[in-house]
């Protein structure tokens with residue numbers, strides 16, 4: 319219920335490419351596609367603005383690159399950083415004692431976004447970069 323409300327209230331359109339290292343189920347979906355095919359991942363999916371963060375999750379050697387302009391997603395990092403900023407303003411000592419700066423910086427580094435499970439994507443192409451297979455997709 320909470321995640322549905324988050325999509326309802328915080329949905330935005332991405333302005334940067336978003337990346338994800340994909341696992342078995344997602345790899346099977348992607349490997350069965352031709353350029354131009356559409357598909358859904360069927361669950362809320364986490365992506366990152368940071369290519370290297372996503373690359374670290376690409377244990378099978380496959381990644382997604384979601385083109386800018388994706389709708390039905392929101393910047394989770396924006397919400398997290400806002401909460402850390404509020405916490406720091408409200409109780410700077412507790413914030414410092416609980417490694418708030420480190421935790422906020424970690425969230426900023428990951429730069430995580432979420433996209434809805436019912437989002438439809440289209441495969442734009444496949445390329446290799448940094449030893450990984452990159453499935454370039456967009457929302458439709």
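In our numbering, the protein residues as written are 319 to 458. For glycine and all other residues, C-beta sits at the position ideal for the given N, C-alpha and C.
Secondary structure in the segment 331-373: the beta strand (DSSP E) runs of 3 residues or longer, each lying completely within the stretch, are 336-339, 356-358, 363-366 in chain order. Out of 330, 357, 430, 396, the CA that lies nearest to the CA of residue 454 is found in 357. In the DSSP assignment, residue 406 falls within the unbroken alpha helix (DSSP H) covering 394-408. Residue 400 and residue 344 have their C-alpha atoms roughly 31 Å apart. If the five residues before and after residue 389 are omitted, its C-beta is found closer than 6 Å to the C-beta atoms of 331, 457, all from its own chain and listed in chain order. Three or more Cβ pairs closer than 8 Å define a contact, and the segment 348-357 falls short of that threshold against the segment 393-407.
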